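Undergrad: After the C-alpha cells below, expect a handful of questions from me.
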Amino acid sequence: MTIQHIIDALHQVREQKPLVVNMTNYVVMNNSANALLAIGASPIMAHSQQEMAEMMSFAGALVVNIGTLDSAWITRMRHAIEQANHYQRPVILDPVGCGATKLRTETAREFSALAKRLTIRGNASEIIALAGQKSQSRGVDALDSSEQAVDAARQLIERYQANVVVSGPTDHILTDQSHITLHNGSPMMPYVTGTGCSLSALTGAFAAVGDNTGLSAASVMGVAGELASKISQGPGSLQVNLLDTLYHLDAKALTQHLAINAH
2 MTIQHIIDAL
12 HQVREQKPLV
22 VNMTNYVVMN
32 NSANALLAIG
42 ASPIMAHSQQ
52 EMAEMMSFAG
62 ALVVNIGTLD
72 SAWITRMRHA
82 IEQANHYQRP
92 VILDPVGCGA
102 TKLRTETARE
112 FSALAKRLTI
122 RGNASEIIAL
132 AGQKSQSRGV
142 DALDSSEQAV
152 DAARQLIERY
162 QANVVVSGPT
172 DHILTDQSHI
182 TLHNGSPMMP
192 YVTGTGCSLS
202 ALTGAFAAVG
212 DNTGLSAASV
222 MGVAGELASK
232 ISQGPGSLQV
242 NLLDTLYHLD
252 AKALTQHLAI
262 NAH
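Take the sequence shown: its letters are residues 2 to 264, numbered as in the working numbering.
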C-alpha cells in the first residue's frame with residue numbers, strides 16, 4: 002500500500018464511521034473507545050453473548066483483547082469470534098501477555114485457529130510465544146525486539162492464514178505477500194497503558210473499511226504518537242495529546258512524517 006492508500010483508508014473511516022465491537026480488557030476500555038472516536042469510527046464495548054449474534058450482523062469488525070482473561074471472558078470471546086465468522090466480519094486478535102501464562106498462550110492459539118478473517122496485532126514477545134518459539138517477557142511487557150519476531154510472524158501467517166502486525170520501536174506489518182516496516186512513534190508511548198490496545202482497536206476500524214493488513218492503523222498511530230510526543234511533557238499529557246492528534250491527523254501530516262519501507 003502506498004501513502005495515498007493509507008490516506009484514502011483514513012478518509013473512508015471518517016466517512017463511513019464503522020461500528021467496531023470491542024471485547025477488550027477492563028484497563029483500556031476507555032482508551033480504546035476514545036481512540037476510535039478520535040479517528041472517526043464508532044466503538045461499542047459489547048460483551049454479552051445474548052446480543053452478540055445481532056451485534057455482529059451489522060458491525061464492521063470484531064476486536065478481541067485477552068488482557069484481563071478469565072473463564073467467562075473466554076466463553077464470550079469464543080462465541081463472538083464464531084458470530085464474526087458467520088457474518089464474515091474481520092477479527093483482530095490482541096494476544097496480551099501471550100507467553101506469560103499457559104492460559105493466555107493456549108487461549109490465544111485457540112482464537113487464532115478459530116477466526117477466519119484474522120489480523121493478529123501484538124508486541125514481539127507475544128508474537129514469538131504465539132508461534133511456539135521461546136520469548137522473553139515480563140508480564141505483558143515485551144523484552145524481545147520486533148525484528149526478532151519476524152520469523153514467528155511468518156509462521157503465524159502460514160498457520161492461521163492471518164495478517165500480522167508486530168509493534169515496537171519499528172513496526173513490522175506482514176502478510177503472505179508483503180513485509181513493510183514503519184519507523185514512527187515515540188519512546189514515551191510504552192509509558193502510557195493501552196497504546197498497543199488502542200492500535201488494535203484502530204486496526205479493527207481500518208479492517209472494517211477494507212484494510213485488514215493493519216498497515217493503515219499502524220501508520221496512523223505511529224505518526225500521531227510521534228507528533229503528540231513532541232508537545233507532551235510526559236505520559237499524562239501524551240495520553241491527552243495523542244487523542245487530539247488522532248482527531249486532527251490529515252493527509253499532509255501523514256505525507257510529511259510517515260517513515261515507511263517495503264522489504
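Even glycine gets a Cβ: it sits at the ideal position worked out from N, Cα and C.
All of these numbers come straight from a predicted model, not from anything done at the bench.
State the start and end residues of the unbroken alpha helix (DSSP H) segment that holds Asp152.
TA: Per DSSP, Asp152 belongs to the alpha helix (DSSP H) from 151 to 161.
Undergrad: Hey, how far is the Cα of Val165 from the Cα of Gln240?
TA: So the alpha carbons of these two residues sit roughly 25 Å apart.
Undergrad: Would you mind reading off the limits of the alpha helix (DSSP H) that contains Val333?
TA: Because residue 333 is not part of the residues shown, which for the chain are 2 to 264, the question remains open.
Undergrad: Locate the alpha helix (DSSP H) running through Val29, then write down its first and last residues.
TA: Where Val29 is concerned, there is no enclosing alpha helix (DSSP H), given that its DSSP letter is neither H nor E.
Undergrad: Verify whether the separation of the beta carbon atoms of Leu200 and Ala225 is less than 8 Å.
TA: No.
Undergrad: Do the CB positions of Ser113 and Ala163 come within less than 8 Å of each other?
TA: It is a contact, given that the beta carbons lie within the stated cut-off.
Undergrad: Do Arg122 and Asp152 have their CB atoms nearer than 8 Å?
TA: Their beta carbons are not under 8 Å apart, which means Arg122 does not touch Asp152 by this criterion.
Undergrad: For the segment 232 to 256, which segments carrying the alpha helix (DSSP H) assignment without a break, of at least 4 residues, lie completely within its bounds, in sequence order?
TA: Runs found: 236 to 249.
Undergrad: Evaluate Gly169 with the Cβ neighbour count: other Cβ atoms within 10 Å of its Cβ, from every protein chain shown; 16 or more gives buried, anything less gives exposed.
TA: It is buried - the Cβ of Gly169 has at least 16 other Cβ atoms within 10 Å.
Undergrad: How would you write the range of the beta strand (DSSP E) that Ala109 sits in, first residue to last?
TA: Note, Ala109: premise wrong, no beta strand (DSSP E); alpha helix (DSSP H) at 103 to 115.
Undergrad: Suppose the cutoff is 6 Å on Cβ atoms and the five residues either side in sequence are ignored; what does the same chain contact list for Gly197 look like?
TA: Ser168, listed in sequence order.
Undergrad: Could you tell me which uninterrupted beta strand (DSSP E) segments, each at least 3 residues in length, are contained entirely in the segment 22 to 101, listed from first to last along the chain?
TA: Runs found: 43 to 45, 62 to 66, 92 to 95.
Undergrad: How would you write the range of the beta strand (DSSP E) that Gly186 sits in, first residue to last?
TA: Premise fails: Gly186 is in no beta strand (DSSP E) and is neither H nor E.
Undergrad: Return the CA-CA distance between Gln51 and Ala85, expressed in angstroms with no decimal places.
TA: Cα-Cα distance, rounded: 14 Å.
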